Structure formats: C-alpha cells, structure tokens
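Taking it in order: structure first as structure tokens, then the write-up.
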Amino acid sequence: MTTNPTLERIGVTPSPLALLLLGQGADPDSERGVDCPGALPAAADPRLAERAAAAKEALGGKVFVLGHHYQRDDVIAFADVTGDSFKLAQQAAARPEAEHIVFCGVHFMAESADILTAPHQQVILPDLAAGCSMADMATAEQVEQAWDDLLDAGAAEGTVPVTYMNSSAAIKAFTGRHDGTVCTSSNARRALEWAFGPERGGRRVLFLPDQHLGRNTAIGELGLTAADCVVYDPRRPNGGLTPAQLRDAKMILWRGHCSVHGRFTRECVDEVRARIPGVTVLVHPECKREVVTGADLVGSTEYIIKVVDEAPAGSSFAIGTELNLVQRLANRHPDKNIVFLDRTVCFCSTMNRIDMPHLVWALESLVRGEPVNRITVAPEVATYARKALDQMLALP
Ligand code: 13P
Ligand code: SF4
Numbered sequence: 001m002t003t004n005p006t007l008e009r010i011g012v013t014p015s016p017l018a019l020l021l022l023g024q025g026a027d028p029d030s031e032r033g034v035d036c037p038g039a040l041p042a043a044a045d046p047r048l049a050e051r052a053a054a055a056k057e058a059l060g061g062k063v064f065v066l067g068h069h070y071q072r073d074d075v076i077a078f079a080d081v082t083g084d085s086f087k088l089a090q091q092a093a094a095r096p097e098a099e100h101i102v103f104c105g106v107h108f109m110a111e112s113a114d115i116l117t118a119p120h121q122q123v124i125l126p127d128l129a130a131g132c133s134m135a136d137m138a139t140a141e142q143v144e145q146a147w148d149d150l151l152d153a154g155a156a157e158g159t160v161p162v163t164y165m166n167s168s169a170a171i172k173a174f175t176g177r178h179d180g181t182v183c184t185s186s187n188a189r190r191a192l193e194w195a196f197g198p199e200r201g202g203r204r205v206l207f208l209p210d211q212h213l214g215r216n217t218a219i220g221e222l223g224l225t226a227a228d229c230v231v232y233d234p235r236r237p238n239g240g241l242t243p244a245q246l247r248d249a250k251m252i253l254w255r256g257h258c259s260v261h262g263r264f265t266r267e268c269v270d271e272v273r274a275r276i277p278g279v280t281v282l283v284h285p286e287c288k289r290e291v292v293t294g295a296d297l298v299g300s301t302e303y304i305i306k307v308v309d310e311a312p313a314g315s316s317f318a319i320g321t322e323l324n325l326v327q328r329l330a331n332r333h334p335d336k337n338i339v340f341l342d343r344t345v346c347f348c349s350t351m352n353r354i355d356m357p358h359l360v361w362a363l364e365s366l367v368r369g370e371p372v373n374r375i376t377v378a379p380e381v382a383t384y385a386r387k388a389l390d391q392m393l394a395l396p
C-alpha cells in the first residue's frame with residue numbers, strides 16, 4: 001500500500017476500505033444519480049486544474065463557487081468562499097448577482113442554497129451522489145408520522161421542531177410549517193434558547209435528525225439533564241416511546257447520527273491524552289456525548305479552524321472531525337502538532353464525491369450554456385423551508 005506523508009504525520013493508518021470510499025471501487029446498489037451525461041474528464045488528466053481555472057475565468061462574475069471545509073484540497077482551491085454550513089448558507093443568500101452557484105459540498109447544502117437564492121440563480125452540485133447519510137436518516141414520511149405520534153400523545157402542543165441543516169428540504173419545510181427553526185452546529189445553542197425562550201415559548205423541542213448535536217447542545221450548553229432527553233426511533237412504533245415519555249420530555253431527539261463523527265470513541269480520547277501529554281482535544285458536536293465530555297473544546301468546523309489558527313506555535317491538537325479538514329490544518333500549521341483523533345482513516349465519502357473531474361465537468365458545462373446537475377426545490381416545499389431557514393438567519 002502506498003504511504004501518504006500527511007496522513008502519517010497526523011497519526012492515521014490508511015486502510016483498503018478508505019481507498020474504496022475515495023472512489024477506487026463502486027457500489028451500484030447504494031449509489032444514486034451518479035451518471036454523468038456527456039464526457040466526464042479523466043481523473044488522470046494533468047490539465048484538470050488548468051481547465052477549471054480557464055472555465056472559471058470565462059464565466060467571470062456569473063459564477064460563484066462555494067466550498068465546505070470538508071472538501072478535498074484540489075477542489076477547495078477553486079472556491080470563492082469556504083465555510084461551515086452556516087456561513088455558506090449566508091454567502092449563498094448574499095450573492096444575487098451570480099447567475100450560477102456551484103456548490104462544492106453535499107446535497108442538503110445545495111438545496112438550502114437554492115431556497116435562499118433568487119429564482120434567476122441556478123445552484124449546481126457537481127456530483128449528485130454527494131448526499132449525506134445523516135440527512136437520509138429522517139424521511140418526510142417518518143417525520144410526519146412522528147408528529148402524528150406527538151398529537152396522539154397530547155404532546156404536539158408546545159413542541160417546537162428544531163432541525164439541523166443536515167436534512168432534506170422537505171424536513172425543513174415541515175419545520176417551517178410548525179413554526180420551528182433550522183440550526184447548524186454553530187448556532188444550535190441559540191436555536192434551542194429561542195425555542196424554549198419567551199419569543200417562541202416552547203415546552204419541548206423535537207430535534208432532527210442528529211441526536212448527538214441535540215444532546216450535546218441541550219445538556220452541555222443549556223444545562224438540561226439526560227433525563228430530560230428521549231430518543232425517538234423512527235423504525236419503531238410510536239418511536240419506541242410511551243405517550244407519557246413523549247409528554248414529559250424536554251428534548252425529543254431523532255435517532256440519527258453522522259457515520260463519520262460516530263467513529264470517534266472515548267477510547268480515542270483517552271489514548272491520545274496518554275500518547276501526547278498536554279494535547280488539546282477539539283471535536284465537532286456531531287460526536288457522541290462521551291467523546292464531547294472527554295474533549296477540551298467542541299464546535300463547528302469554522303470554530304475548529306479559528307481555534308487552531310489562533311493557537312501559539314508549539315500547541316498540540318487532536319481533532320475529531322472530517323479528515324480533509326484535519327489534513328489541511330496540519331499542512332497549514334507545520335509549527336503545531338496536529339493529529340487526527342482516530343487512528344484510522346475517516347473521510348466523509350460523500351463530501352469526497354466532489355472531485356476535480358466533476359468540478360471541471362460542471363464548470364465547462366456552464367461555459368457551454370448547458371448546465372448540469374441543477375438542484376431545484378419545488379416551490380411548495382421551498383416556501384416553508386425558507387421560513388425555517390430565515391428564522392435561523394434571524395436568530396440573535
Ligand atoms: P459544519 O456546520 O460544522 O460545517 O458541519 C457540517 C457537517 O456536515 C458536519 O458533518
Ligand atoms: Fe453528513 Fe457526516 Fe458527511 Fe457531514 S460528515 S456531510 S453529517 S455524513
């Protein structure tokens with residue numbers, strides 16, 4: 001197996017599985033929408049960067065490229081703005097002059113961008129297979145069923161839906177219809193304070209779809225207890241809960257999680273502390289509760305970057321988030337000791353779907369006036385989803 005010096009430096013052992021996740025093989029049963037009509041440039045084409053630069057230059061101010069921090073380095077080099085999902089939603093809304101928004105991120109982010117942009121703007125996702133397994137853990141039908149269960153239990157009144165950005169537009173629309181809000185990992189605390197506060201006056205929150213972000217924010221930041229939280233399992237009748245449990249809960253956490261952040265364990269934290277004395281453990285709030293309680297700092301991708309950028313030379317960090325970002329931080333700060341919290345590879349396979357061939361294909365299609373992979377949200381969904389997104393953007 002080939003070695004990768006950056007991976008070695010941040011303490012990661014590559015595995016054959018990681019290579020499969022990075023596109024060396026295909027799983028036709030689980031992939032969707034991966035066909036690219038027309039010619040997808042070859043991955044080995046040495047002119048990919050040149051072609052992307054030429055297409056961007058030809059498009060000028062008509063194109064605006066957004067890049068999430070989990071994107072690959074070669075792709076992120078072409079982003080006009082990089083950010084966490086909150087910043088990217090703000091940026092998408094702030095560029096009415098750009099005809100085409102090329103979203104280097106995942107499907108739910110591109111959907112949100114389409115909802116927040118004007119009708120004359122087109123949002124393009126270079127690879128339609130760039131989904132999010134967490135977002136797929138809550139379908140619109142399941143969420144409607146959960147609301148029916150709450151109605152039957154006499155618990156719907158006083159319940160405010162708070163939905164993580166990592167969800168489909170249909171679930172954001174459900175949230176808007178029930179006067180809730182969207183949140184991201186950088187404003188989840190403010191979203192919960194708003195939901196429980198005098199302005200909204202909620203007695204309980206239905207938190208979708210990431211149980212860990214919901215639990216970490218409720219317990220770690222609002223001071224609620226584990227007993228205030230229940231987990232609603234959409235695959236079980238009544239979510240696996242009694243009507244009294246639904247009524248008594250302050251936080252009804254959807255049983256969803258991120259498969260990437262779910263890999264970090266408390267053992268990883270203990271092991272790295274033993275290995276690197278004085279290390280600061282810095283994790284994303286999609287990690288499990290026991291990982292977050294064992295860490296020193298917790299926050300969104302934008303927060304993680306800020307902490308590392310502002311730390312003095314010689315600082316040591318073990319970072320629990322997606323590997324592209326950790327590698328980038330390690331390369332940017334050779335004067336700091338940055339290791340990945342896990343000992344094995346943990347890329348987000350769907351974020352990695354956006355690669356140079358797909359970016360070049362998407363940009364060159366725009367130059368030819370034949371846009372590909374446009375993401376559009378139906379107006380009846382977009383109206384209420386926008387209400388929930390606007391509520392998030394208006395959070396204090
Ligand atoms: P951020 O909002 O921190 O960018 O995270 C998005 C995401 O998908 C994390 O898994
Ligand atoms: Fe989804 Fe997790 Fe990937 Fe983020 S890191 S896009 S939550 S699968």
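1 is the number of the first residue of the sequence shown in full-length UniProt numbering; add one for each residue after it.
Note that CB positions come from ideal geometry on N, CA and C, so glycine has one too.
Keep in mind it's a predicted model, so treat the numbers as computed, not measured.
At which residues does the alpha helix (DSSP H) containing residue i begin and terminate?
| i | result |
| --- | --- |
| V307 | 301 to 310 |
| T6 | 5 to 9 |
| A54 | 48 to 59 |
| M351 | That residue, M351, is in no alpha helix (DSSP H); it is neither H nor E in DSSP. |
| residue 397 | Past the boundaries of the shown model lies residue 397; the chain is included only from 1 to 396, so the question cannot be answered. |
| V345 | From DSSP, V345 is part of no alpha helix (DSSP H); its letter is neither H nor E. |
| P379 | 379 to 393 |
| D45 | Run containing D45: none; DSSP gives neither H nor E here. |
| V75 | 73 to 76 |
Since residue i is in the beta strand (DSSP E), which residue starts that stretch and which ends it?
| i | result |
| --- | --- |
| F207 | 204 to 208 |
| F181 | Checking the sequence, you will find Thr at residue 181 rather than Phe. T181 -> beta strand (DSSP E) spans 181 to 183. |
Evaluate residue i with the Cβ neighbour count: other Cβ atoms within 10 Å of its Cβ, from every protein chain shown; 16 or more gives buried, anything less gives exposed.
| i | result |
| --- | --- |
| D335 | exposed |
| K306 | exposed |
| R368 | exposed |
| H120 | exposed |
| A394 | exposed |
| E286 | buried |
| G322 | For clarity, residue 322 is Glu in the given sequence; the question names Gly instead. Classification of E322: buried, given that the 10 Å Cβ count is 16 or more. |
| A244 | exposed |
| L151 | exposed |
| E111 | buried |
| A18 | Bear in mind that a pLDDT of 41 at A18, under 50, signals an unreliable position, so the number given afterwards is only what the model happens to contain. Classification for A18: buried. |
| P209 | buried |
| P198 | exposed |
| N352 | buried |
| A388 | buried |
| D355 | buried |
| K62 | exposed |
| G223 | exposed |
Check the DSSP bridge columns for residue i and list the partner residues they point to.
| i | result |
| --- | --- |
| L66 | V81, F103 |
| L213 | Answer is none; L213 lacks a bridge partner. |
| R177 | In DSSP, R177 forms no bridge with anything. |
| R374 | I124 |
I'd like to know whether the C-beta of residue i is nearer than 8 Å to at least one C-beta of chain C.
| i | result |
| --- | --- |
| P334 | Absence of chain C from the displayed structure is noted, only one protein chain being present. |
| request: Report all residues for which the CB-ligand distance to some heavy atom of the ligand SF4 is below 7 Å; order them along the chain. | output: Ordered along the chain, residues surrounding the ligand SF4 are Y70, V106, C132, S133, M134, A135, N166, C258, S259, V260, H261, E286, E322, C348, T350, M351 [Cβ under 7 Å from any heavy atom].
| query | Mind pulling the beta strand (DSSP E) runs of 3 or more residues that sit fully within the region 255 to 343? | reply | Uninterrupted beta strand (DSSP E) stretches at least 3 residues long and entirely within the region 255 to 343 occur at 280 to 283, 316 to 320, 337 to 340, given in chain order.
Go through the region 87 to 172 residue by residue and report every complete run of the beta strand (DSSP E) that reaches 3 residues or more, in order.
Fully enclosed beta strand (DSSP E) runs of no fewer than 3 residues occupy 100 to 104, 122 to 124, 159 to 164 of the region 87 to 172, in order along the chain.
Which runs of the beta strand (DSSP E) fall wholly inside the region 216 to 257 and span at least 3 residues, in chain order?
-> The qualifying runs are 229 to 232, 251 to 254.
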